[in-house]
Amino acid sequence: MRTLVIETATAACSVALLDGDRLIAENHAIVGRGHAEQLLPMIAALPDGGRAPHILVDCGPGSFTGIRVGLAAARALAFGWGAKLSGYSSLPLIAAAAFADEPGLPMLAVVIEGGHGEVFMQSFTAPLAEHAPQQSLLPHAALAAIGSLPAIGSGRRFLAPLTAALAGHDRLPRAADARLLPAAYRTLAPSPIYGRAPDAKPMAAA
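Okay, so the sequence shown: first residue is 8 according to this note's numbering, each after it adds one.
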């Protein structure tokens with residue numbers, strides 16, 4: 008089945024058109040906060056305007072605004088095209104790409120930028136299995152949780168100043184890498200995964 012993949016959970020704005028596990032075309036750019044302006048033109052520039060019977064969108068965790076932009080576009084296109092819509096998470100996507108690059112790597116931790124000075128992190132074992140649940144932690148706590156594992160992702164820059172022995176490398180999610188995800192990781196409900204509790208608290212009863 009042809010699939011349009013939409014990735015807007017981090018500073019990357021990335022789209023890809025897949026035919027099964029084969030990459031047809033992709034557009035990938037580091038835009039910071041410019042997802043809303045960049046996303047639809049990037050989709051339109053794909054073959055056939057990106058049209059596909061299946062749309063796969065990153066639900067998070069990551070940027071609050073970026074996640075909502077991607078989900079809104081995915082829902083609108085799915086409605087307009089009559090396409091099936093499902094989601095995936097940014098953390099296993101990054102892990103799958105890292106394991107593909109380093110086949111001998113037994114385990115790693117994905118770390119991406121979160122909110123309020125925290126990072127989102129989760130550890131995985133090869134070829135791709137969750138070793139621990141997703142967490143949102145302050146950098147020093149994330150570093151303790153990672154231990155000696157290589158840290159992969161954009162959140163490394165918050166950890167690197169705390170130690171000289173941090174293995175791994177920076178990486179942003181790329182829509183084309185969705186073809187590396189096992190089927191079980193591509194079936195999330197298309198709803199946001201914010202990764203941390205909301206800042207607003209309900210008012211106490213009078």
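Beta carbons are placed, not taken as given, at the ideal position from N, Cα and C, and that holds for glycine.
Predicted, not measured: the structure shown is a model, and the values here were computed from it.
Check                                                                                                                                            : Outcome
Does the Cβ-Cβ distance between S161 and D184 come in under 8 Å?                                                                                 : no
Can you tell me whether T15 is buried or exposed, with buried defined as 16 or more other CB within 10 angstroms of its CB?                      : buried
Going by DSSP, which residues form a beta bridge with G94?                                                                                       : V64, L195
Please return the same chain residues whose Cβ sits closer than 6 Å to the Cβ of Y192, not counting the five positions on each side in sequence. : Y95, P99
How should G121 be labelled, buried or exposed, when 16 other C-beta atoms within 10 angstroms of its C-beta is the threshold for buried?        : buried
Would you tell me roughly how many angstroms separate the C-alpha atoms of L166 and W88, rounded to the nearest one?                             : 43 Å
Bridge partners of Q129, per DSSP?                                                                                                               : V117
Could you give the DSSP three-state label for A23: helix, strand or coil?                                                                        : strand
Where does A207 fall in DSSP's three states?                                                                                                     : Confidence at A207 is low in this model, with a pLDDT of 39, below 50, so its placement is unreliable and the value that follows should be read with caution. Three-state DSSP puts A207 in coil, outside helix and strand.
Just verifying my parser: in three-state terms, what is the DSSP assignment at V38?                                                              : coil
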